[in-house]
Every structure is written in C-alpha cells, then in structure tokens.
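Each remark here refers to the structure printed beneath this line.
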Amino acid sequence: MKKDLISIADLTTKEINEIIDVAAKLKEKPFAKKGLFWDKTLALLFQKPSNRTRISLEVAMTHLGGHTMYLSPREIEMGAREPVKDVARVISRYVDVIVARVFYHQDVVDLAKYSDVPVINGLSDLAHPCQALADLMTIKEKFKNLKKAVVSYIGDGNNVLNSLMVVCAKTGVRIKIGTPKGYEPDAEMLKIAMSVAKKNKSSVELYNDPKEAAKGADVVYTDVWVSMGQEDEREKRLKDFRAYQVNDELLSKANKNAIIMHCLPAHRGEEISDCIDGKNSVVFDQAENRMHVAKAVLLRALS
Numbered sequence: 001m002k003k004d005l006i007s008i009a010d011l012t013t014k015e016i017n018e019i020i021d022v023a024a025k026l027k028e029k030p031f032a033k034k035g036l037f038w039d040k041t042l043a044l045l046f047q048k049p050s051n052r053t054r055i056s057l058e059v060a061m062t063h064l065g066g067h068t069m070y071l072s073p074r075e076i077e078m079g080a081r082e083p084v085k086d087v088a089r090v091i092s093r094y095v096d097v098i099v100a101r102v103f104y105h106q107d108v109v110d111l112a113k114y115s116d117v118p119v120i121n122g123l124s125d126l127a128h129p130c131q132a133l134a135d136l137m138t139i140k141e142k143f144k145n146l147k148k149a150v151v152s153y154i155g156d157g158n159n160v161l162n163s164l165m166v167v168c169a170k171t172g173v174r175i176k177i178g179t180p181k182g183y184e185p186d187a188e189m190l191k192i193a194m195s196v197a198k199k200n201k202s203s204v205e206l207y208n209d210p211k212e213a214a215k216g217a218d219v220v221y222t223d224v225w226v227s228m229g230q231e232d233e234r235e236k237r238l239k240d241f242r243a244y245q246v247n248d249e250l251l252s253k254a255n256k257n258a259i260i261m262h263c264l265p266a267h268r269g270e271e272i273s274d275c276i277d278g279k280n281s282v283v284f285d286q287a288e289n290r291m292h293v294a295k296a297v298l299l300r301a302l303s
C-alpha cells in the first residue's frame, strides 16, 4: 500500500513511535547507507513559501542519497492553471514521493487520491503532521516518559494545534489548550483527539483562560497569532489574543523549569516575549528535529 501522510489521525500509535525512534537514530547517525535512494526523487510542491519545511526536507533527502525538485507556486498554480488531479497524475509519473504545502487541506487529500506515489502533507490549513512529529520527538528528548508530561498550548487553534493535540492523544500525553472564544481548534479534530485520549487514559482539556491552561504544565507551546492568508484579520487578532502572550508571568503558572516551544517563525512581542531566547527554550532543538523527522517520514514512504 502507498504510505501517504496526510494527517496524524491517519497514523497508529505504533507508527508514530516508530517514526520518532527512527528519527532519533538518524539524529545520532545522520547519513543513511551510502546511495540508499540514489534513484529516488522528491518533489516539493509548494503553494506557500517556507523556511524549515523546504530546507529540512531537501537536506533530509540529500542525506538519504536522493534528489529533490522544488516546484514553486508560480510554476504549477495547482487548482488554478491545472486541476489538482491532473497535477497529481502527471508529477507522480516523474517522481517517487511528493511533499505538498498547500492552502486548502482538500488539495493535499486530492493529490494523495490521484497520485501513484506517496504524498506527504507539508502543511495545510487543517493539519501540520510533520511538525507535530518533530514536536513529540523534542518533548520525548526532555521527558523520557511521555505519559507523565503535561503540554500546554496557548494561542490560536490552528493547524499546528490540530496535529499537536492528536499526536499527544495517540501517545498518552495530557494536553491543556488555552484559546480565546471563537479561536478553538477544528471541531472534528478535537472530537478525534478527545476520543483517542480517553482510550489512552489521557486528556485533551480546553480553556479560554490562558493561565488555567498553563497551570501545572511541563511544556508551554505557542504559535503565531496571524498566519499566512489572515493578514486582513491582523488588528482584530492582536486585540483578541492580547492576554495570551507566553511570557514570564504566564510561565510562572507552569511547573518550574517548564520548557518553551514554538514552531517558528516567531513574532517577539506578540505571541511570545524574549523568553523564547531563555535557557528553558527548546525552540531551535524543535526546528532541528524537523529534519530528522523528515528523514524518518521519507524512509517510511519510500521503503
């Protein structure tokens, strides 16, 4: 079967743990067997610009011995100049795996449906599975027993949170979420996460009070308040999220020495203060782990 990765919800707990374990081994020994994927090509099909996603995947594929082709938004204009299904059918005749970074989740779903090769979601408006796997890897590096860790996510109920809460639920990590009213995570993803967490004797807790969400946390995580495509909402969002900044005052509600996480890019003075540069920040470990997870995900797709 074709091993797509569209959403964390598609992975079993065993598969998640296997990806993290492989990523950890590749972090210790970055290069796979020489020439492993010498005849394999990865297509990066991006509708959105990127830093970590593009670089981590290009370096990952190079370390695995393969080749990468970057397709920018102007080159393909998927869904506008050419239907998604046609793009999938053509590109999958040329390459061995596709990573898509898209505006609309349905586009990556359709790519996977019509592609003959594995499709990996590099980001959509609903989900960011590779980020969530890197997040879990980072948390596991700091807390060997994941089931004893409490994660607090403060901010917008966006694609990053949708994937984070599901990966936490599947691995037994308790997650507390603090969002303003009207900015909660996707209802269907929340339903999935809560159901899975219950089976794993964990919990997904939703609060509108950021201090309550941060209370007793081992990990305090945040993301930008204004994502790409939301620029017209900027002034309203900055006002609505004002009390949700991760700073020393909010961190005082968390456990002593709680680690600070952010998927980047960060806007210091908005969703996070200069605490992002403090000794408890693992933000750049988290960013590095994107590359190690990328290798593990590519190995899964191409093996």
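Residue numbering for the sequence shown follows the numbering used here, starting at 1 and increasing by one per position. Ideal placement from N, C-alpha and C gives every residue a C-beta, glycine not left out.
Of the candidates Lys147, Lys34, Leu161, the residue whose Cα lies closest to the Cα of Thr13 is Lys147.
Take the alpha-carbon of Ser203 and the one of Lys191: they are about 12 Å apart. If you draw a straight line from the Cα of Ala294 to the Cα of Leu26, it is about 10 Å long. Per the C-alpha coordinates, the member of Glu82, Asp156, Leu126 positioned closest to Glu270 is Asp156. For secondary structure counted as the alpha helix (DSSP H) over 4 or more consecutive residues, the region 83–136 holds these complete runs in sequence order: 84–94, 105–114. Here the region 124–135 makes contact with the region 95–115; the two share three or more CB pairs at distances below 8 Å. For Ala88, the closest of Leu71, Val220, Tyr114 by C-alpha to C-alpha distance is Tyr114. Just measuring C-alpha positions, the residue of Leu206, Lys181, Lys211 sitting nearest Ile175 is Leu206. Taking the CA atoms as reference points, Gly182 sits about 18 Å from Glu212. Note that the C-beta distance between Ile16 and Lys144 is not below 8 Å. Secondary structure note for Ile272: it is in no alpha helix (DSSP H), with a DSSP letter that is neither H nor E. One Cα belongs to Ser92, the other to Val196, and the distance between them is close to 34 Å. Going by beta carbons, Pro185 and Leu5 fall outside the 8 Å limit. Distances from the alpha-carbon of Ser163 to those of Leu133, Ile276, Glu82, Val97 put Leu133 closest.
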